[in-house]
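In this note's numbering, the protein residues as written are 445 to 880. Below is one structure, written out as structure tokens, with a few remarks after it.
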Ligand SMILES: [Mn+2]
């Protein structure tokens, strides 16, 4: 017998991968995990017949020749299947998009690659072999790709994900169904928790970061809490969110955390509590602690541990040109031309920034035939500027609100540097995070 399975707690990418394994390797039977991730249950219930799954216990006493494992290369995550495989020495093939260097499945033949979703890895093979899919199979696969790539916007997305997605659309995948299967808030319990969290959460400015925190007592654990936390991230848009739940029944504390900044490395932050995950998404489980006392301690811990946020001074250019108010428009235009600049801040005798002069302002003077007029007569004022210790969030707001390309950075009114739109966009681009 030949079998294929994914990781325990099967998710949508796992199901997407398995439906394609069935097409690529028709003589393999699929085996389901005892646990299906809450987010994947809806799709699973609708399409169970397309998978025709065996249960792990069905493997008892069977002689297994070949195994295909998808979406994981970690032995611990497939243990529930192997505990039912006895008296067999199967050949194992792994198809996984996670870093294969960490693989601890002995003797496995590994196939991977840089794919946002594991479904894309198998989809590419199916595409290249000219395999035809039913529209239902295409919908299942496309849901897997959309789920693991954050609807194609995660940083792990690569060309192949998009190409395979295009092929799946050709095969009749329904985007309407994909969308409905991606809905993460499905249960009433989740919705109740969402509403409770919105009432108790609070925002704190810690080391210049906008941090959202919440503490909630729950009678018992609710499946799909991480989806609730992510929904709140979308609504509130903080730099990071730490949701702390105290489960009364098991006297357990859960921390679910999400971050948008590299500087707030959650894997590192939650390590001390025995938790982990990724840089931008992590969780921890803590036992034998009282909820409220832990919450206070955790807030202190963040105050002490978070690295300071990036400020305007960290990304501005310090060599900023400026000119005096009394300079003539003619001299100003020559100055800008020579320095190859489109505009500079203007300063008074006390070196206080009083305006901004651009080639466009000078053009107005030229049209009026007053090139001898002082810069102060044609400069833009009051000047739009920012303080050197403004956070990136404050800088972003200024660029959104005002149509300017260059922002003078001042300290007590004196020019410290210039921050351009490109400096800011460059900073945003560097805010990369781990995917998957
Ligand atoms: Mn995956």
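A virtual CB, placed ideally from N, CA and C, is assigned to each residue, including glycine. For clarity, every value in this text was computed on a predicted model and none was experimentally measured.
Under DSSP, residue 513 shares a beta bridge with 449 and 538. Taking C-beta separations shorter than 7 Å and ignoring five residues to either side along the sequence, the partners of residue 459 in its chain run 484, 487, 488, 584 and 588, following chain order. With respect to the C-alpha of residue 625, the residue from 522, 689 and 586 having the closest C-alpha is 586. Remark: the C-beta of residue 541 is in contact range of ligand 1, defined as less than 7 Å to any heavy atom. The criterion of a C-beta distance shorter than 8 Å is not satisfied by residue 702 and residue 672. With a cut-off of 7 Å, the C-beta of residue 457 is classified as near ligand 1, since at least one heavy atom of the ligand falls inside that distance.
In the three-state scheme derived from DSSP, where H, G and I count as helix and E and B as strand, residue 814 is classed as coil. Within the DSSP secondary-structure output, residue 767 pairs in a beta bridge with 790. If you ignore the 5 residues before and after residue 711, its C-beta comes within less than 7 Å of the C-beta of 720, 721, 722, 723 and 726, all in its own chain and listed in chain order.
Counting C-beta pairs closer than 8 Å gives three or more between the segment 556 to 566 and the segment 528 to 547, which meets the contact rule.
DSSP places residue 726 in the strand class (E or B) of the three-state scheme.
Here the segment 851 to 860 lies against the segment 827 to 841, with 3 or more beta-carbon pairs under 8 Å apart. When rounded, the separation of the alpha-carbon atoms in residue 513 and residue 597 is 26 Å. In this structure, residue 562 has its CB closer than 7 Å to one or more heavy atoms of ligand 1.
When 826, 496 and 731 are compared, the shortest CA-CA separation from residue 697 is found for 731. Each of 474, 469, 716 and 690 was checked against the Cα of residue 496, and the nearest Cα belongs to 474. Assignment of residue 860 by DSSP, reduced to helix, strand and coil, places it in the strand class. Within 7 Å of the C-beta of residue 605 there is not a single heavy atom belonging to ligand 1. When the alpha-carbon of residue 686 is set against those of 692, 655, 463 and 663, the nearest one is in 655.
Non-local C-beta neighbours of residue 523 in its own chain, meaning closer than 8 Å and more than five positions away in sequence, comprise 452, ordered along the chain.
Between residue 786 and residue 761, the C-beta spacing is not below 8 Å.
In summary, residue 860 is buried, with 16 or more beta-carbon neighbours lying within 10 Å of its beta-carbon over all protein chains present. The nearest non-hydrogen atom of ligand 1 is 7 Å or more from the C-beta of residue 867. Taken in chain order, the unbroken stretches of beta strand (DSSP E) that lie wholly in the segment 676 to 741 and span 3 residues or more are 684 to 691, 696 to 703 and 725 to 731. A distance of 8 Å or more separates the beta carbons of residue 657 and residue 759. Annotation: residue 627 is outside any beta strand (DSSP E) and is labelled neither H nor E by DSSP. Relative to the non-hydrogen atoms of ligand 1, the Cβ of residue 515 comes within a distance shorter than 7 Å of at least one. Shown here for residue 664: same chain residues with a beta carbon closer than 8 Å to its own, the five before and five after excluded, namely 691, 692, 693 and 694 in chain order. Checking the 7 Å criterion, the Cβ of residue 548 is out of range of every heavy atom belonging to ligand 1. Taking C-alpha positions only, residue 612 is separated from residue 705 by approximately 33 Å. Around residue 683, the same chain offers 653, 654, 704 and 705 as residues with beta carbons nearer than 6 Å, after the five sequence neighbours per side are excluded. Scanning its chain for C-beta atoms nearer than 8 Å, with the 5 sequence neighbours on each side dropped, one finds around residue 605 the residues 559, 560, 561, 564, 589, 593 and 596, in chain order. The alpha carbon of residue 756 has as its nearest neighbour, out of 839, 603, 518 and 858, the alpha carbon of 839.
Annotation: residue 471 is outside any beta strand (DSSP E) and is labelled neither H nor E by DSSP. Between residue 819 and residue 790, the C-beta spacing is below 8 Å.
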